[in-house]
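Heads up, the thing below is written out as structure tokens.
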Amino acid sequence: MLVLTFRIAEVLYAVAVRRVAEVVPRVALRGIPHAPSYLAGLLRYRGGAVPVV
328 MLVLTFRIAE VLYAVAVRRV AEVVPRVALR GIPHAPSYLA GLLRYRGGAV PVV
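For my numbering, count along the sequence shown from 1 and bump the result up by 327.
So, in structure tokens, the structure goes:
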């Protein structure tokens with residue numbers, strides 16, 4: 328099975344490639360005022376905004 332690996336802080340994660348729809352380049356996130364601490368910000372994507380955890 329092929330997997331996509333990524334790291335968040337010191338933890339390594341893996342997701343089966345068949346479950347990945349798309350990989351986008353890393354870009355600067357826009358802040359979200361008064362957002363919970365688990366939200367990193369908003370990603371502008373195809374004319375919309377996607378919350379990033």
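The C-beta atom is built at its ideal place from N, Cα and C for all residues, glycine as well. These numbers come from a predicted model, not from an experiment.
Going by CA-CA distance only, name the one from the options that's closest to residue i.
i: residue 380; options: 343, 339, 356; result: 356
i: residue 370; options: 352, 339, 361; result: 352
i: residue 363; options: 346, 328, 378, 342; result: 378
Is the Cβ-Cβ distance between residue i and residue j less than 9 Å?
i: residue 345; j: residue 329; result: yes
i: residue 343; j: residue 331; result: yes
Between which two residues does the beta strand (DSSP E) carrying residue i extend?
i: residue 375; result: 375 to 379
i: residue 344; result: It is not in any beta strand (DSSP E) - residue 344 carries neither H nor E in the DSSP assignment.
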